[in-house]
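Residue numbers (the numbering used here): 15 to 174.
Cβ coordinates follow ideal geometry from the N, Cα and C atoms, glycine included.
Keep in mind it's a predicted model, so treat the numbers as computed, not measured.
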Amino acid sequence: PLGLHDFINSELQSYKSMTSGNHVTINNKIPEHVEVTADTTTLTRILRNLVSNAVKYNRPNGEVNIEYTANDSFWQLHVSDTGIGIAQKDISRLFERFYRADDSRTKQKVSGTGLGLSIVKEMVDAVGGTIDVKSQRGVGSTFTVNFPIVEDDDQTGDKG
Ligand code: ATP
Ligand code: MG
């Protein structure tokens, strides 16, 4: 199992350059005792894409919060921001390759290829998870990834 709090903190070390432009603060709100079973490469790529968006589409001095919840079958990673938000008409298309919402091109004027979320979606699908978005224009957005809870089979060394 992976200690999620410490894992996220170590990832955040390498994001320093992301936040220097607009002075956004990233808060790791994962409790220290939380352990998950996850492929760290997948988790790193999902986290990096979601956090980079939450920083890019934020306001100056804004915040990004990273949180954890769980139920019987899934654990959730939430990445929320205090940014420009996403119009309802764009939400269903965000995960398409090369799709970029009008607001991010006109108001925020930040560059991007529109590929990050399509890659996130592919990786989430590959692990049997789901991703959803809640957003309010001018207020902010929350991206939630649901990861299936898999039993860590420490007991058996049986590969047969
Ligand atoms: P890149 O390929 O560099 O990630 P990108 O950030 O434009 O480019 P995606 O990460 O796929 O592409 O995001 C697609 C679009 O969804 C963005 O262009 C932006 O319009 C919108 N978007 C994504 N995350 C947010 C967010 N947190 N707040 C507001 N809009 C967002
Ligand atoms: Mg992106």
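- For Val69 and Asp86, the gap between their C-alpha atoms comes out near 31 Å.
- According to the DSSP assignment, His92 belongs to the beta strand (DSSP E) that extends over 88-95.
- In terms of CA proximity to Ser24, Asn41 leads the group Gly99, Asn41, Tyr71, Ser34.
- With contacts defined as CB atoms closer than 8 Å, Asn72 and Asp95 qualify as a contacting pair.
- For the segment 110-148, the full-length alpha helix (DSSP H) segments reaching 4 residues or more read 116-120, 130-140 along the chain.
- Membership of Glu25 in the alpha helix (DSSP H) is indicated by the continuous run 18-27.
- Val78 places its beta carbon 8 Å or farther from that of Phe157.
- Minimum Cα-Cα distance from Glu46 among the listed residues Gln27, Ile133, Ile80 corresponds to Ile80.
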